[in-house]
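Some notes on the structure that comes next.
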Amino acid sequence: YSETYEMLMLMTFRYADWLDILLMVVGLIAAAANGTGLPLMIIVFGDMTNSFVLNTSVNSSICPSIPGIDIEAEMTKFAYYYVGIGFAVLILSMIQVWTFLVAATRQSARIRQKFFFAVLHQEMAWFDSTQIGTLNTRLTE
């Protein structure tokens, strides 16, 4: 089972050249970095919640000498963090989709070209036994 599976995985990339592999590696790195967006937002949300708790405990303290925090400045800082994380996730997801799309398009064009070349080198009897629309159907699948 494992040898067959490994062989199928290697045969998946047999039409990829070095640029396709580079694009897929960049896409995988962008996907992994894109996946860190939600955990970072959870960390920022936790820090924001801690600011609320700290502000509430300082304001309700019976000791007036404890300085309060500027809650509006704190929330503005967290808003900037959210905007930064959102922008990074947007850019990383665009890179991820674009690199995989370009790599897949290049590989499918290469496969279609090889298929068309193989069809052109068939014996004449093959064209007699094959229906007219078969080539078009197979090229566009």
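For the sequence shown, full-length UniProt numbering begins at 1 and goes up steadily by one. Heads up, the beta-carbon is just placed ideally off N, CA and C, and yes, glycines get one too.
Would you call residue i buried or exposed, if buried means 16 or more other Cβ atoms sit within 10 Å of its Cβ?
i     : result
ASP20 : buried
GLY84 : exposed
THR99 : buried
GLN96 : buried
LEU22 : exposed
Assuming residue i contacts residue j (C-beta within less than 8 Å), just tell me the rounded distance between them.
i      : j     : result
ALA103 : ALA16 : 7 Å
ASN34  : VAL89 : 6 Å
Closest to residue i by C-alpha separation, out of the options, would be which residue?
i      : options                      : result
LEU139 : LEU120, PHE115, MET124       : PHE115
PHE45  : MET11, LEU22, TYR80          : TYR80
PRO39  : GLN122, GLN107, TYR82        : TYR82
THR76  : VAL25, LEU120, SER51, SER93  : SER51
SER93  : PHE13, SER129, GLN131, LEU28 : LEU28
ALA73  : ILE132, MET48, THR134, THR36 : MET48
Self-check item: Ordered list of beta strand (DSSP E) runs contained in the stretch 35 to 104, each at least 3 residues
Solution: Taking only runs of at least 3 residues, no beta strand (DSSP E) segment lies wholly in the stretch 35 to 104.
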